[in-house]
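Here is the structure we will look at, set down as structure tokens.
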């Protein structure tokens, strides 16, 4: 697998599968590129070149002490696109990865990008403020406290809501829960903590106007991790001409709870 080195010298682990028009998949918190397994395989088999990479601090990428902000992380995405010589690409961000997509479209003017997708994405803004009905700040403080106290136990509990365990439209096998937890435990604890602030408190509302390509937004209506009203529906309103697909009753972790549906919706969008 290729290694892409960022402008500040961090090595990013990159998977590059298949041939055809490129699709770059950006994973969520606190996972890595493996979380795109179903979609990466399906898209590559359908004739696309699929690039997925581990965000700095996560998976098999380097674990620097800093750089866990969306300016730096969008620069990392730019390094992947530039180093691999990608053009006419689609970029898709899941959950936290939607922040890189949004900031790349503004900070790097969407260079090389022809389509964008936001799946269970945190964009445009998660934090509750006087002018935004989002998630209270103490929720993020509680997450960081739990991570510091017992990261392994906190994440084990976190993924139950992530996948909607016990709900009608959600749920995954115990094996998938363990697989997801093992991905999360590969990450740097510093990156895991810092990225709570990145996805929880970064205001991306001004970035949304930079989307000037066809954009697909997919979000579950029962997402308990990233509420659809402050994220998916708000993103679809903010991006001119965006297509919003709501998965009725579905939880946050759609790439695993609705793997075939997400893959097919991406394929329909890419081909359309």
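In full-length UniProt numbering, the protein residues as written are 1 to 272. Every residue, glycine too, gets a C-beta built ideally from N, C-alpha and C.
| Is there contact here, the region 96 to 109 with the region 117 to 124, by at least three beta-carbon pairs under 8 Å? | yes
| query | According to the Cβ coordinates, are residue 3 and residue 91 closer than 8 Å? | reply | Here residue 3 refers to the residue found at position 3 of the chain shown. Here residue 91 refers to the residue found at position 91 of the chain shown. Their beta carbons are not under 8 Å apart, which means residue 3 does not touch residue 91 by this criterion.
| request: Using alpha carbons as the reference points, say which of 161, 44, 113 lies closest to residue 213. | output: Locating residue 213 in the chain shown gives position 213, counting from the first residue. Here the closest residue by C-alpha is 113.
| task | In the DSSP assignment, find the unbroken alpha helix (DSSP H) run with residue 36 in it and report its ends. | result | Here residue 36 corresponds to residue number 36 of the chain shown, with the count starting at 1. No alpha helix (DSSP H) contains residue 36, which DSSP labels as neither H nor E.
| Are the CB atoms of residue 249 and residue 168 nearer to each other than 8 Å? | The residue labelled residue 249 in the question sits at position 249 within the chain shown. The residue labelled residue 168 in the question sits at position 168 within the chain shown. The answer is yes: Cβ separation under 8 Å.
| message | Looking at residue 263: is its Cβ nearer than 8 Å to the Cβ of residue 115? | response | By one-based count along the chain shown, residue 263 stands at place 263. By one-based count along the chain shown, residue 115 stands at place 115. No, they are not a contact pair.
| said: Given a cut-off of 8 Å on the beta-carbon distance, is the pair residue 226 and residue 252 in contact? | reply: Taking the first residue of the chain shown as 1, we reach residue 226 at position 226. Taking the first residue of the chain shown as 1, we reach residue 252 at position 252. Yes.
| said: I believe residue 192 touches residue 30 by the beta-carbon criterion, under 8 Å. Please report the beta-carbon distance rounded to the nearest angstrom. | reply: Along the chain shown, one-based indexing puts residue 192 at 192. Along the chain shown, one-based indexing puts residue 30 at 30. Their Cβ separation, rounded to whole angstroms, is 5 Å, which keeps residue 192 and residue 30 in contact under 8 Å.
| CA-CA distance, residue 180 and residue 211? | Looking up residue 180 in the chain shown gives position 180. Looking up residue 211 in the chain shown gives position 211. Distance between the alpha carbons of residue 180 and residue 211 is about 31 Å.
| Paired residues, beta bridge with residue 247 - DSSP | Counting from 1 along the chain shown, the entry for residue 247 is found at position 247. Looking at the DSSP assignment, residue 247 forms a beta bridge with 220.
| request: Kindly indicate which three-state DSSP category residue 91 falls into: helix, strand or coil? | output: Taking the first residue of the chain shown as position 1, residue 91 is located at position 91. Note: residue 91 maps to strand in three-state DSSP.
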